[in-house]
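Visitor:
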Amino acid sequence: SSGLPPPEEGTLNLHGFPSEDLLLVQPSFLQIIDSFSGVVRQRLSTGFPVSTSDQTRHSAVQAGLSVPAVAPVGALPRCVVAAQQGKALLSFWSRTKETVAYQVATPEIMTTLGFHPSGSFLFAGSKSGCMYCWQLNAALQNPTESKDAWQGVSLLRKCWPVHYGACSSLVVQDDRLISGGADGSIKAFHFSRILTNNSAAQSASSPIPSEAAIPPIQTWAGHTQSVTALSTVPDLYKSLGACSRTCLVSASLDHSVRIWCWDRSNSFETFVLPAPSRCVAITLPNATLSVCIACDNASIYVVALRSTAVSGSSATAESSQGNVYTVDSSAGCPLWEDTGFSSHRSSRFRVLRGHNGPVRSCVALGDGRLASCAADGVRLWDLEAGAALTHFAHFGGVIGGMLSLKNSSLSNALLLPSLGPLRRSLAQDGQTNVIHFFDRG
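As structure tokens, then:
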């Protein structure tokens, strides 16, 4: 590990874009690498040694770091948090230090994690299907003295049942969160409903009473197996007119990727793949809104999204699925569109090949490149040309997935909030301040 701090946002990289790092998720540790050179900037260790012995293999399984349960703290992160899958435990790291900065116990094993862009709220989905919302102390802005940096109180603002089975994917936005579950359902919740007074619906002695359920603002149904990934359309793309109705893309173990909009509970497009997908990423190559789909058959499928939902005569016979597209891998992987009356080849589809095994993650970088990872390492792609740019092969262990980390200057980076035990009893009236969120409508 080089131990280098993240480059400042004001200093662009050699290619003229703000620098961006990749966070590799491995069984017993994390690694931060430069997205251009592949140089390891920092290794974040859980404390479990890497070895081939049965005992340490078991320890690595207990650490069990997985992509849905790893999250950067805020939109401009200098800290990372991960939940161990074999223990009810969260670990916090600074991006510049290898050792764990803080560990805290949780009420149960957490399978998904996400932070509000401000860094002040931690959302955690559990193995039992419940969602937790903790309010951390206000994020510190580059304090001159940090002797009390690890002291504080993290208030439990809400805990409520979301899925029948484990939470499997999570997206946190400015004013809402979206959760996917092992039961195949996807639900969206508005922060105003999450942060309402607790006394009317919940008591301090029981964090999860039956009446504590929060009604979702939207529920999407269609997947028949666990939801493995969620990706939302960035507001920037919407402002450019790239897409008027698409709001969410989801992947599942049922081999399908579905496209959703806010005003209907069923998908308006479905892509049926030859293998399960673990990750989806939304990009804008050639000014065309596209979804990149990382699959277990070593391929990445790039599909151009339509700007409006399908309706009328173009809808499939199964109206709950909208248009259905099937990838036929035995015939050179063309994409076929099923309109309910006939099938024809679609030109909206491309495939990227190069990995030697299941593609675990793909990440859209801010400069238009795509990063993907598999057992053979990390590959960078030029989406406009449809070609691989480079391959980083050796990172000292199996790569289970990958996230992007935006770099920022010290003056505007969110440092690790003051932390303390994550409370298990709900915060009461008078313990929290009034928080205002603006609804995007």
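Mapped onto this note's numbering, the consecutive letters of the sequence shown carry residue numbers 2 to 442. Glycine included, every Cβ here is placed at the ideal spot set by N, Cα and C. Here the structure is a predicted model, which is why all the values come from computation and not from measurement.
Taking the beta carbon of P390 as the centre, do at least 16 other beta carbons fall within 10 Å, making it buried, or is it exposed?
Guide: According to the sequence provided, residue 390 is Leu. The question's Pro does not apply to it. Per the 10 Å Cβ criterion, exposed.
Visitor: Looking only at C-alpha atoms, which of S373, L371, V292 and A70 sits nearest to E270?
Guide: It is V292.
Visitor: Run through the region 159-185 for me and flag every whole beta strand (DSSP E) of 3 or more residues, listed as ranges in chain order.
Guide: 168-173 and 177-182
Visitor: Helix, strand or coil, according to DSSP, for V68 in the structure here?
Guide: In the structure shown, V68 sits in a helix (DSSP, three-state: H, G or I).
Visitor: Can you tell me the Cα-Cα spacing of R425 and P108, whole angstroms?
Guide: 7 Å
Visitor: Going by beta-carbon coordinates alone, are G130 and A167 separated by less than 8 Å?
Guide: yes
Visitor: Could you tell me which of G358, G355 and Y326 sits nearest to R1, measuring between CA atoms?
Guide: The chain is shown from 2 up to 442; residue 1 falls before or after that span and cannot be answered.
Visitor: Helix, strand or coil for F116? Go by DSSP, reduced to three states.
Guide: strand
Visitor: Reducing DSSP to helix, strand and coil, say where R96 ends up.
Guide: coil
Visitor: Would G401 and E21 qualify as a contact pair, given that the criterion is a beta-carbon distance under 8 Å?
Guide: Annotated as distal: G401 and E21, with beta-carbon spacing of 8 Å or more.
Visitor: How would you call A394, buried or exposed, if buried means at least 16 neighbouring beta carbons within 10 angstroms?
Guide: exposed
Visitor: Please go through the same chain and pick out, in chain order, the residues whose beta-carbon is closer than 7 Å to the beta-carbon of G48, but skip the five residues on each side of it.
Guide: V101
Visitor: Applying the criterion that 16 or more other CB atoms from any shown protein chain within 10 Å of the CB defines a buried residue, is G358 buried or exposed?
Guide: exposed
Visitor: Going by CA-CA distance only, name the one from V258, T284 and L123 that's closest to P1.
Guide: Only positions 2 to 442 of the chain appear in this structure, which leaves residue 1 out of reach.
Visitor: Given 8 Å as the limit, is there contact between the region 20-34 and the region 176-195, that is, 3 or more CB pairs closer than that?
Guide: no
Visitor: What does the Cβ neighbour count give for G87, buried or exposed, with the cut at 16 atoms within 10 Å?
Guide: With fewer than 16 other Cβ atoms inside 10 Å of its own Cβ, G87 counts as exposed.
Visitor: Suppose contacts are defined by Cβ-Cβ distances below 8 Å. Is S268 in contact with A252 by that definition?
Guide: In terms of Cβ geometry, S268 and A252 do not form a close pair [threshold 8 Å].
Visitor: How about C248 and I195: are their beta carbons less than 8 Å apart?
Guide: no
Visitor: Count the other CB atoms within 10 Å of the CB of S115; is the residue buried (16 or more) or exposed (fewer)?
Guide: According to the sequence as given, residue 115 is Gly; it is not Ser. Flag for G115 reads buried.
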